[in-house]
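Numbering (this note's numbering), first residue to last: 1323 to 1386.
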């Protein structure tokens, strides 16, 4: 697998993760792990991080 392909695939995966975090925030979905309800601010943080990584993956795949 070339670096360009890897960066594109990574960008797509992180974009999907970012969309899922955005969906959780918009639709008010709850995530429960055991007895712990995951706070919504974690999805805001995850959206920013995954969105940034997706952007970098797409940007680097175009550069290569």
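Note that the Cβ used here is the ideal one computed from N, Cα and C, for glycine as well.
Range covered by the alpha helix (DSSP H) that runs through residue i
{"i": "residue 1342", "result": "1325–1349"}
Residue i, buried or exposed, once every other Cβ within 10 Å from all chains shown has been counted against 16
{"i": "residue 1374", "result": "exposed"}
{"i": "residue 1352", "result": "exposed"}
{"i": "residue 1346", "result": "buried"}
Per-residue DSSP class, three states only, for residue i
{"i": "residue 1359", "result": "strand"}
{"i": "residue 1266", "result": "Because the chain here runs from 1323 to 1386, residue 1266 falls outside it and cannot be looked at."}
Sequence-distant residues of the same chain with beta carbon closer than 6 Å to residue i, five excluded per side
{"i": "residue 1339", "result": "1372"}
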